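Below is one structure, written out as structure tokens; comments come after it.
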Amino acid sequence: MKRLAILLSGRGSNFEAIANNVASGAIEASIAVVISNRPEARGLDIARQRGLDTLVLPSKGMDREAYDRCLIDGLRPFQPDLICLAGFMRLLSAAFVREFPNRILNIHPSLLPAFSGLDAQHQALAYGVKVSGCTVHFVDEYLDAGPILLQAAVPVHDRDTEETLSARILEEEHRIYSEAIRIALSGRYRIDGRRVIVG
Ligand code: GAR
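The number in our numbering is simply the position in the sequence shown, starting from 1, with 10 added.
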């Protein structure tokens, strides 16, 4: 059985969607550990309620290299096959990425490379795009930048607010993250430059 590690910083709805698919058998894996850099993350409560192993590794005041060493040490005993960033609001160092080559996924609420970084839905509305969406990509040491595994598009309506657009995108996030995890775990893909070829 493949082992997932989930890293999160907040609400944890993507984690919850993944956990539901693990519980139903739609994802053939177990969740080995849920790690948060924020002790107050709601995602941690969800994990505890589900009886999953959790680890709180506060990042406040730590520099990136030191924190990532601590993260690697925290993850190692759980031997994850795949690390899923699910609203984990930190950039990972090259040293961390090297430790788990092509084994880290991230979800981002825009069609990358548009609107990387914080508040992607706000950026999309402010720019005036008519279509936005979400992206699951492999993680490298740059911000929201690694090879793209899956994307889903959603329309932006004239009357959208940040809340309504975020909700429409989130529905797609919940769907494609599990699909991306299934592909990544199955190994039925190859990475050719920036392109991820599935099948
Ligand atoms: C999600 O919309 C995710 O795409 C975004 O944070 C939210 C977390 O929600 N991630 C990023 O913006 C990463 N750059 P959740 O905690 O309910 O899954």
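For glycine and all other residues, C-beta sits at the position ideal for the given N, C-alpha and C.
All of these numbers come straight from a predicted model, not from anything done at the bench.
Distance cut-off 7 Å: residue i Cβ against heavy atoms of the ligand GAR
{"i": "Cys144", "result": "yes"}
{"i": "Asn112", "result": "no"}
{"i": "Asn24", "result": "yes"}
{"i": "Gly84", "result": "no"}
{"i": "Gly35", "result": "no"}
{"i": "His132", "result": "no"}
{"i": "Leu17", "result": "no"}
{"i": "Leu54", "result": "no"}
{"i": "Gly71", "result": "no"}
{"i": "Gly61", "result": "no"}
{"i": "Ile117", "result": "yes"}
{"i": "Asp150", "result": "no"}
{"i": "Arg159", "result": "The residue asked about is misnamed: residue 159 is Leu in this sequence, not Arg. No, since every heavy atom of the ligand GAR falls outside the 7 Å radius drawn around the Cβ of Leu159."}
{"i": "Ala96", "result": "yes"}
{"i": "Asp154", "result": "yes"}
{"i": "Leu180", "result": "yes"}
{"i": "Arg99", "result": "Going by the sequence as given, residue 99 is Met instead of Arg. Result yes, Cβ under 7 Å from the ligand GAR."}
{"i": "Glu50", "result": "no"}
{"i": "Arg204", "result": "no"}
{"i": "Glu172", "result": "no"}
{"i": "Leu189", "result": "Looking at the sequence shown, residue 189 is not Leu but Glu. Answer for Glu189: no, Cβ out of range of the ligand GAR."}
{"i": "Arg58", "result": "no"}
{"i": "Arg74", "result": "no"}
{"i": "Arg21", "result": "yes"}
{"i": "Glu38", "result": "no"}
{"i": "Glu183", "result": "yes"}
C-beta contact flag for residue i and residue j at 8 Å
{"i": "Gly22", "j": "Ala134", "result": "no"}
{"i": "Leu115", "j": "Leu159", "result": "yes"}
{"i": "Arg13", "j": "Ala42", "result": "yes"}
{"i": "Glu151", "j": "Ala104", "result": "yes"}
{"i": "Ile139", "j": "Ala163", "result": "Here residue 139 turns out to be Val, not Ile, going by the sequence shown. Cβ distance not < 8 Å, so Val139 and Ala163 don't count as in contact."}
{"i": "Ser196", "j": "Ile28", "result": "no"}
{"i": "Leu62", "j": "Asp78", "result": "no"}
Which of helix, strand or coil DSSP assigns to residue i
{"i": "Val107", "result": "helix"}
{"i": "His132", "result": "helix"}
{"i": "Val32", "result": "helix"}
{"i": "Asn24", "result": "helix"}
{"i": "Ala194", "result": "helix"}
{"i": "Ala39", "result": "strand"}
{"i": "Gln59", "result": "helix"}
{"i": "Gly53", "result": "helix"}
{"i": "Phe171", "result": "Reading off the sequence shown, one finds Thr at residue 171, where the question assumed Phe. Coil."}
Cross-strand partners of residue i (DSSP beta bridge)
{"i": "Cys144", "result": "Ala162"}
{"i": "Arg44", "result": "One detail in the question is off: residue 44 reads as Val in this sequence, not Arg. Paired residue(s): Ile16 and Thr64."}
{"i": "Asp202", "result": "Arg205"}
{"i": "Ile186", "result": "DSSP output for Ile186 lists no bridge partner at all."}
{"i": "Cys80", "result": "Partner(s): none; Cys80 has no beta bridge."}
{"i": "Asn116", "result": "Leu95 and His147"}
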